[in-house]
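Worksheet: one structure, shown below.
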Amino acid sequence: MVHVSATPVLALRGVSKRFGAVQALTDVELEVHAGEVVALVGDNGAGKSTLVKTIAGVHPIDEGAIEWDGKPVTISRPQDAQALGIATVYQDLALCDNIDVVGNLFLGRELRKWGVLDEVEMERRSRELLTTLSIRIPSVRIPIAALSGGQRQVVAIARSMLGEPKLVILDEPTAALGVEQTAQVLDLVERLRERGHAVVLISHNMADVKAVADKVAVLRLGRNNGVFEVSTTSQEEIISAITGATDNAVTRRAARTSSTNGEVSK
Amino acid sequence: MSVDNTSANLDKTPEQDGQPVEKPEAASAVTAVDPRLLVREQGLLGYWSEFKRKMKAGELGSMPVVVGLAIICVIFQVLNSNFLSAQNINDITITMVGTGMISVGIVFVLLLGEIDLSVGSVSGAASALAAVLAVNQGWPEWAAVLLAIAAGAAIGALHGFFFAVLGAPAFAVTLAGLLFWLGFMLKVLGADGTINLDSNGLVGKLTTYYFSDVAAAYGLAVVVVAVFFLTSFLANRRREAAGVPSRPLSDTVLRTVLLAVISFAAAYMYNQYKGLPLATVIFLVFLIGSDFVLRRTPYGRKIFALGGSVEASRRAGINVTAVRISVFAISGGFAAIGGLFLASKIASANQSAGTGDLLMNAIAAAVIGGTSLFGGRGRTWNALLGVLVIVSIQYGLQLESIAEPVKYMITAAVLLTTVVIDSITRKTQKTAGRA
Numbered sequence: 001m002v003h004v005s006a007t008p009v010l011a012l013r014g015v016s017k018r019f020g021a022v023q024a025l026t027d028v029e030l031e032v033h034a035g036e037v038v039a040l041v042g043d044n045g046a047g048k049s050t051l052v053k054t055i056a057g058v059h060p061i062d063e064g065a066i067e068w069d070g071k072p073v074t075i076s077r078p079q080d081a082q083a084l085g086i087a088t089v090y091q092d093l094a095l096c097d098n099i100d101v102v103g104n105l106f107l108g109r110e111l112r113k114w115g116v117l118d119e120v121e122m123e124r125r126s127r128e129l130l131t132t133l134s135i136r137i138p139s140v141r142i143p144i145a146a147l148s149g150g151q152r153q154v155v156a157i158a159r160s161m162l163g164e165p166k167l168v169i170l171d172e173p174t175a176a177l178g179v180e181q182t183a184q185v186l187d188l189v190e191r192l193r194e195r196g197h198a199v200v201l202i203s204h205n206m207a208d209v210k211a212v213a214d215k216v217a218v219l220r221l222g223r224n225n226g227v228f229e230v231s232t233t234s235q236e237e238i239i240s241a242i243t244g245a246t247d248n249a250v251t252r253r254a255a256r257t258s259s260t261n262g263e264v265s266k
Numbered sequence: 001m002s003v004d005n006t007s008a009n010l011d012k013t014p015e016q017d018g019q020p021v022e023k024p025e026a027a028s029a030v031t032a033v034d035p036r037l038l039v040r041e042q043g044l045l046g047y048w049s050e051f052k053r054k055m056k057a058g059e060l061g062s063m064p065v066v067v068g069l070a071i072i073c074v075i076f077q078v079l080n081s082n083f084l085s086a087q088n089i090n091d092i093t094i095t096m097v098g099t100g101m102i103s104v105g106i107v108f109v110l111l112l113g114e115i116d117l118s119v120g121s122v123s124g125a126a127s128a129l130a131a132v133l134a135v136n137q138g139w140p141e142w143a144a145v146l147l148a149i150a151a152g153a154a155i156g157a158l159h160g161f162f163f164a165v166l167g168a169p170a171f172a173v174t175l176a177g178l179l180f181w182l183g184f185m186l187k188v189l190g191a192d193g194t195i196n197l198d199s200n201g202l203v204g205k206l207t208t209y210y211f212s213d214v215a216a217a218y219g220l221a222v223v224v225v226a227v228f229f230l231t232s233f234l235a236n237r238r239r240e241a242a243g244v245p246s247r248p249l250s251d252t253v254l255r256t257v258l259l260a261v262i263s264f265a266a267a268y269m270y271n272q273y274k275g276l277p278l279a280t281v282i283f284l285v286f287l288i289g290s291d292f293v294l295r296r297t298p299y300g301r302k303i304f305a306l307g308g309s310v311e312a313s314r315r316a317g318i319n320v321t322a323v324r325i326s327v328f329a330i331s332g333g334f335a336a337i338g339g340l341f342l343a344s345k346i347a348s349a350n351q352s353a354g355t356g357d358l359l360m361n362a363i364a365a366a367v368i369g370g371t372s373l374f375g376g377r378g379r380t381w382n383a384l385l386g387v388l389v390i391v392s393i394q395y396g397l398q399l400e401s402i403a404e405p406v407k408y409m410i411t412a413a414v415l416l417t418t419v420v421i422d423s424i425t426r427k428t429q430k431t432a433g434r435a
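Residue numbers (UniProt numbering), protein chains in the order written: chain D, 1 to 266; chain W, 1 to 435.
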């Protein structure tokens, strides 16, 4: 197992967020350690995206505290989050189709030499980065339009790594991807963990969550509905936490018995 | 056929035939070149197979316009042997500079995926302003010229402000600009309506001055070819040193030879007439300069990024508003420069400046040259090729004394053909995964 540090890189303490009459988040707690993949799951409208946006600085929190490396911080703008070392890869990839891979990786932070683009150095570093992340794309000089969905996702994730972030937030990175592309992205998530990054992974896909996450934090109706260790929790338990089926004892018992049955039959 | 077979064999790799699933041990030993990448073969056959592949994938680039230009030359030369005479070519290349300059500005705007309909009127307004200041107000001509260009840029920036900050569609804003600056020009010119320029002054010399020394044209050709070869060669050396893929030397040599043939042919042609025209030199400087800005500077990269995806650019920290305003300012500035060349050609600023088919020709030139109307694809050299086509047709038809109505219709047909080619290649590129 990968070493997990004692102080969490990021900790949310009793975070609340309101939009007008809607209480989007209520007293949410979340801890992410270095070298740990935390999956954030929940039904549509459970508050996953809102929570991620509070961390990324898009929506400042109303109540509660955010701790970074154990120290309280305020994140009120996206730049604050970036300065702390939080990189967010959004669902819609935010790549430019007409520009090649190198150009996209360095978009907005181009390397210069006497005020002119230093294409050679950018290309060298791009290849280096893609090699360390074991990302395989045909060439770093083809436009993004020529890449498959999975390759684009992988490039988008690689781009977030250029700033050497401590925490990477991935918003549904495997949605709309094929089997192989999903496997590539999951491989990449594991490599991020191996390199000691903290990862927050939003996903609707339980198979993906079980495959790469260490912990699963469930949100339901804007509140915490349990944090589970992936290795000791069954998929059914997580699903009932998501749907709220754990709210009564009967379903809880049903879930427990069915999961033990499942283990026995294996 | 044999070429196809070899390239197919080269592409065939265990990766494609065998298990595509990425194994961890294979992943750690990632190779420099992905086996799926089509690698061009060495030698001339390599160029040919690469060319065929690009044609099939719809990456036509400037191919249609070069072919079109060749066809135009052949047809008009057959009809009238004066078409390819040194004097006629010289006239074409000087006449095209005015429209060409405006078209360079249009390329910038098209790269954003926007349009600037005001450039015709702005060019007229700028030439009127320069004429009034220099002739009526007695300003020194250089000051009047600089102010006219600055005014053009400021006007463009104003359009950009309405578009980028207030969010009005560029189409509507610049349509309003078209009307407003036309009115402004007429007001500035006053009751007379025409101001004659000193044909020996700065503006007058723009299109009439020639470097008559034979060495000038050849010298420029030598410098251009030498600089091209040295920069390509040194860039490749740097790429080799950094361990990234570089062009083979034969490739650089081939391109240099091609450029040398064109440059020296042009220099020879100019020397057959009056020598190297000043207008051509200025146009070349602006073309090379703007191409450099677009492809080699962070600013140019931002323009392409905005043409690709505005949201992606914003998230990458690009100041979208500032880039948009600056691009419209560039468009206005180039319109003003073009207007000065057009005024120089007729040695006056008059009420018809910037009207008629000027706007449409400037936009058509950019599109004919290969700049996409959908943004994100194009180079300023497209403006040169496109305007060369349009002005060549005009001169060819004039030699045949074909009337104005037919000229419009033929130019329209050429424009429509190009736009259709653009749309079709985009479709092909989409199916080939390149757009």
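The beta-carbon is built from N, C-alpha and C at its ideal position, and this holds for glycine as well.
Residue i at chain D interface by Cβ criterion, 8 Å
{"i": "A242(W)", "result": "yes"}
{"i": "S49(W)", "result": "no"}
{"i": "S326(W)", "result": "no"}
{"i": "R301(W)", "result": "yes"}
{"i": "G204(W)", "result": "no"}
{"i": "I318(W)", "result": "yes"}
{"i": "T380(W)", "result": "no"}
{"i": "T256(W)", "result": "no"}
{"i": "V420(W)", "result": "no"}
{"i": "P248(W)", "result": "no"}
{"i": "R237(W)", "result": "no"}
{"i": "E311(W)", "result": "yes"}
{"i": "G289(W)", "result": "no"}
Rounded straight-line distance, which links the Cα of residue j to that of residue i
{"i": "residue 436(W)", "j": "G332(W)", "result": "Since the displayed chain W opens at 1 and closes at 435, residue 436(W) lies outside it and no answer follows."}
{"i": "V73(D)", "j": "L170(D)", "result": "22 Å"}
{"i": "G57(D)", "j": "G113(W)", "result": "31 Å"}
{"i": "A191(W)", "j": "N350(W)", "result": "11 Å"}
{"i": "I144(D)", "j": "G14(D)", "result": "41 Å"}
{"i": "R379(W)", "j": "E121(D)", "result": "24 Å"}
{"i": "L130(D)", "j": "L129(W)", "result": "55 Å"}
{"i": "T417(W)", "j": "G354(W)", "result": "25 Å"}
{"i": "G42(D)", "j": "S231(D)", "result": "19 Å"}
{"i": "R66(W)", "j": "I72(W)", "result": "Here residue 66(W) is Val; the residue named in the question, Arg, does not match the sequence. So the alpha carbons of these two residues sit roughly 10 Å apart."}
{"i": "V244(W)", "j": "R237(W)", "result": "10 Å"}
{"i": "V188(W)", "j": "D422(W)", "result": "40 Å"}
{"i": "V253(W)", "j": "R377(W)", "result": "27 Å"}
{"i": "A61(D)", "j": "V38(D)", "result": "Before going on, a small fix: residue 61(D) reads as Ile here, not Ala. Distance between the alpha carbons of I61(D) and V38(D): 21 Å."}
Start and end residues, beta strand (DSSP E) containing residue i
{"i": "W68(D)", "result": "E63 to W68"}
{"i": "I157(D)", "result": "Run containing I157(D): none in the beta strand (DSSP E); it sits in the alpha helix (DSSP H), G149 to M161."}
{"i": "D27(D)", "result": "V22 to V32"}
{"i": "N361(W)", "result": "Here N361(W) belongs to no beta strand (DSSP E); instead the alpha helix (DSSP H) covers L358 to I368."}
{"i": "F19(D)", "result": "L10 to F19"}
{"i": "F106(D)", "result": "Premise fails: F106(D) is in no beta strand (DSSP E) and is neither H nor E."}
Within-8 Å CB hit, residue i to chain C
{"i": "N98(D)", "result": "No chain C is present in this structure, whose protein chains are D and W."}
C-beta neighbour in chain W for residue i, strict 8 Å
{"i": "K266(D)", "result": "In this prediction, K266(D) scores a pLDDT of 39, lower than 50, which makes its location untrustworthy; no coordinate-derived value is stated."}
{"i": "R127(D)", "result": "yes"}
{"i": "V154(D)", "result": "no"}
{"i": "E110(D)", "result": "yes"}
{"i": "G226(D)", "result": "no"}
{"i": "L186(D)", "result": "no"}
{"i": "R124(D)", "result": "yes"}
{"i": "E121(D)", "result": "yes"}
{"i": "A94(D)", "result": "yes"}
Nearest-angstrom Cβ-Cβ length linking residue i and residue j, presumed shorter than 8 Å
{"i": "G396(W)", "j": "F83(W)", "result": "6 Å"}
{"i": "I368(W)", "j": "V389(W)", "result": "5 Å"}
{"i": "F180(W)", "j": "F328(W)", "result": "Not really, about 15 Å apart at Cβ, beyond 8 Å."}
Host alpha helix (DSSP H) of residue i (start-end)
{"i": "V200(D)", "result": "From DSSP, V200(D) is part of no alpha helix (DSSP H) but of the beta strand (DSSP E) over A198 to I202."}
{"i": "P245(W)", "result": "Premise fails: P245(W) is in no alpha helix (DSSP H) and is neither H nor E."}
{"i": "S331(W)", "result": "V320 to I346"}
{"i": "G308(W)", "result": "P298 to G308"}
{"i": "T95(W)", "result": "A86 to L111"}
The region 165 to 180 of chain W contacting the region 111 to 129 of chain W, beta-carbon criterion three pairs below 8 Å: With the cut-off at 8 Å, the region 165 to 180 of chain W and the region 111 to 129 of chain W touch.
contact_flag[the region 295 to 302 of chain W, the region 112 to 128 of chain D] where n(CB pairs < 8 Å) is 3 or more: The region 295 to 302 of chain W is in contact with the region 112 to 128 of chain D.
Contact between the region 136 to 148 of chain W and the region 313 to 322 of chain W: three or more CB pairs below 8 Å? They do not touch, by the three-pair rule.
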